[in-house]
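Trainee: Structure provided below as C-alpha cells; questions to follow.
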Amino acid sequence: MAKDQSEDTNDNELNGDDESENNKSETFEDYSCPSFEPYQDPDVTPTPTSDDNKFLWILIWIMKFRMRFNIPETATESLIKFIKLLLDEIGDTAFENFPVTLYKARNILNIEDRFHCFAACTKCHKLYNKQEVEEFRQDEILAIMKCQHIEFPNSSRRQKCQTPLSHQIRLLNRMSN
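Mapping the sequence shown onto UniProt numbering, position 155 (from 1) lands on 155, and the numbers just tick up by one.
Given below as C-alpha cells:
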C-alpha cells in the first residue's frame, strides 16, 4: 500500500508541474503585418468598348491562366503575342484591336497594381504602417517613431528594439519624416 501511495504522490507532483507550466502566460511573437485597409476604389468600373467585348473573354482567360499556374509576366506577354498572331492569321478584322502587350491587356481589363506600403525596421524587420510612421507625434510635435518590437518576449532580459524607423529632414518651412 505504501508503494501505491508513493506512486500517487509522484503522479500528483508531475501533474502539478504540468499545471504550473500551463498557468504561465506565454507571449508569442507576432510577425503578422499591421492592420490596414486594402485599396478599393468604388468609382472605378470597367467599361469595355464594343470592340473589346469580342476578345475580352480571351484576355480574362489568359489572366486567370496566369494566376492559376503562377506564370511570369514575360511568359504571359508571349502568350498574348501568340494569341494576337493566331487571331491575325484567322483573318478576322474584329480582332485588330487585340492587345499586343500585357500592359495594354491590363488597361483594357482595368487591372492596376495597388500596393500598400509599409515601413520596415532595419534591424528586426518588423512592419509598420508607413503613414503612421510619417505622421508620428509626441506632445503634438512631429517626432521619429522607434521600433517597439520585443524579440524574445518571454525572456527575463527582454527589451524593445528601439531602432529609429525614419529620418527627420527639414523642408522649406517645416519638418518631415
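Every residue gets a Cβ at the ideal spot worked out from N, C-alpha and C, and that includes glycine.
These numbers were taken from a predicted model, which means no experiment stands behind them.
1) For the alpha helix (DSSP H) containing L85, name the first residue and the last one.
2) On the three-state DSSP scale, how would you describe F118?
3) Regarding F65 and the ligand HEM, is the C-beta to nearest heavy atom distance less than 8 Å?
4) What does DSSP give as the partner residues of L142 in its beta bridges?
5) In whole angstroms, what is the alpha-carbon distance linking K126 and K160?
6) Look at the alpha carbon of C124 and the alpha carbon of F152, and state the distance between them as a whole number of angstroms.
7) Excluding five sequence neighbours on each side, which residues of the same chain lie with their C-beta closer than 8 Å to the C-beta of T163?
8) Please return the same chain residues whose Cβ sits closer than 8 Å to the Cβ of T9, not counting the five positions on each side in sequence.
9) Tell me whether N129 sits in a helix, a strand or coil according to DSSP, three-state version.
10) Let me make sure I understand the geometry here. Which of S32, S35 and V100 has the alpha-carbon closest to that of L85?
11) Considering only the alpha carbon of each residue, which of K54, N70 and L109 lies closest to A94?
12) Mapping DSSP to helix, strand and coil, what is I150?
13) Just to check my reading of the structure: I60 and L109 have Cβ atoms closer than 8 Å, yes? What is that Cβ distance to the nearest angstrom?
14) List the DSSP bridge partners of residue 186.
15) With a Cβ-Cβ cutoff of 9 Å, do F118 and N107 count as a contact?
16) Taking the Cβ atom as the reference point for each residue, do I144 and S166 lie within a distance shorter than 9 Å?
17) What residue range does the alpha helix (DSSP H) around K104 cover?
18) From D18 to E135, what does the alpha carbon distance come to, in whole angstroms?
Mentor: A quick look at the data gives this:
1) The residue you call residue 85 lines up with position 85 of the sequence shown. Taken as a continuous stretch (DSSP letters only), the alpha helix (DSSP H) holding L85 covers E73 to I90.
2) Along the sequence shown, one-based indexing puts residue 118 at 118. The answer is strand: DSSP assigns F118 an E or B state.
3) This structure simply doesn't include the ligand HEM, nor any ligand for that matter.
4) One-based indexing of the sequence shown puts residue 142 at position 142. Under DSSP, L142 shares a beta bridge with R137.
5) For the purposes of this step, residue 126 is taken as the residue at position 126 of the sequence shown. For the purposes of this step, residue 160 is taken as the residue at position 160 of the sequence shown. Their backbone Cα atoms lie some 12 Å apart in a straight line.
6) As a first step, residue 124 is located in the sequence shown; it is residue number 124 there, counting from the start. As a first step, residue 152 is located in the sequence shown; it is residue number 152 there, counting from the start. Distance between the alpha carbons of C124 and F152: 12 Å.
7) Indexing the sequence shown from 1 puts residue 163 at position 163. Correct list, in chain order: C121, T122, K123, C124, K146 and C147.
8) Walking along the sequence shown from the start, residue 9 turns up at place 9. In this prediction, T9 has a pLDDT of 49, which is less than 50 and means its spatial position is unreliable; nothing more can be read from the coordinates.
9) Start at 1 with the first residue of the sequence shown, and residue 129 comes out as number 129. N129 falls in the strand class under three-state DSSP.
10) Mapped onto the sequence shown, residue 85 falls at position 85. For L85, the closest of S32, S35 and V100 by C-alpha to C-alpha distance is V100.
11) Here residue 94 corresponds to residue number 94 of the sequence shown, with the count starting at 1. Answer by Cα proximity: K54.
12) Translated into positions along the sequence shown, residue 150 becomes position 150. In the structure shown, I150 sits in a strand (DSSP, three-state: E or B).
13) Translated into the one-based positions of the sequence shown, residue 60 becomes position 60. Translated into the one-based positions of the sequence shown, residue 109 becomes position 109. Rounded, the Cβ-Cβ distance is 7 Å, consistent with contact.
14) It is not possible to answer for residue 186, since the shown part of the chain is limited to 1 through 177.
15) Mapped onto the sequence shown, residue 118 falls at position 118. Mapped onto the sequence shown, residue 107 falls at position 107. Not in contact: F118 and N107 (Cβ atoms no closer than 9 Å).
16) The residue you call residue 144 lines up with position 144 of the sequence shown. The residue you call residue 166 lines up with position 166 of the sequence shown. The answer is yes: Cβ separation under 9 Å.
17) Here residue 104 refers to the residue found at position 104 of the sequence shown. L102 to L109 is the span of the alpha helix (DSSP H), which, as asked, contains K104.
18) Translated into the one-based positions of the sequence shown, residue 18 becomes position 18. Translated into the one-based positions of the sequence shown, residue 135 becomes position 135. Residue placement at D18 cannot be trusted, given a pLDDT of 48 that sits under 50; what the coordinates show is reported in the next sentence. Computed Cα separation, rounded: 47 Å.
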